[in-house]
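**Student:** Starting off with a structure, shown below.
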Amino acid sequence: MRYLHTMVRVTDLDQALDFYVNKFGLVETRRIENEKGRYTLVFLAAPDDATEAKGARGRPTLELTYNWDPEAYTGGRNFGHLAYEVDDIYATCDKLMKAGVTINRPPRDGNMAFVRSPDNISIEILQKGDPKPAAEPWASMQNTGAW
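Our numbering numbers the first residue of the sequence shown as -4 and each following residue consecutively.
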């Protein structure tokens, strides 16, 4: 068995791409515009997975589904969360904060943090390898909102 992709519906494709690509750092690997079905699919990969994701099987990716006709989506956490491993959790969270992203669960333990996308999808950020030593401002930072 092999992981292929996770699909999340987004209400504003430009806003979602700004978050996932410009702020979070994912790479667009392919896009499908379907006029008959009235939707756009955008597949994104973590930079270290981009070469494999651009291959024949297109994995592992995050599939953003944008339906052209407006719909209300509720319960963004009802499927759980996305998870990405990073080289430096503190640098990643700092970059996200500087880009205006709220760190809902700061990496107090040097190992795990949570943020949310503009469509309220919970994203877990995990430190690659062993946890980093506790460091400020993260060690004393409180949770913000739900994650």
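Just so you know, even glycine gets a beta-carbon here, dropped at the ideal spot from N, CA and C. Predicted, not measured: the structure shown is a model, and the values here were computed from it.
1) To the nearest angstrom, how far is it from the Cα of residue 42 to the Cα of residue 81?
2) Can you tell me the Cα-Cα spacing of residue 72 and residue 36, whole angstroms?
3) Under 8 Å: do the region 87 to 99 and the region 52 to 59 share three or more Cβ pairs, one atom per stretch?
4) If you run the structure through DSSP and keep just helix, strand and coil, what is residue 137?
5) Using the beta-carbon count (16 or more within 10 Å), is residue -2 buried or exposed?
6) Does the Cβ-Cβ distance between residue 5 and residue 39 come in under 9 Å?
7) Less than 8 Å between the CB of residue 9 and some heavy atom of the ligand SAH, yes or no?
8) Tell me the rounded alpha-carbon separation between residue 107 and residue 52.
9) Just mark residue 135 as buried or exposed, buried being the case when its beta carbon has 16 or more other beta carbons within 10 Å.
**Tutor:** Let me spell this out:
1) 10 Å
2) Confidence is the limiting factor: at residue 72 the pLDDT is only 46, short of 50, which leaves the residue's position unreliable, though a coordinate-based value still follows. Cα to Cα, the separation comes out at about 21 Å.
3) no
4) coil
5) exposed
6) no
7) Ligands are entirely absent from the displayed structure, and the ligand SAH is therefore not among its contents.
8) 30 Å
9) exposed
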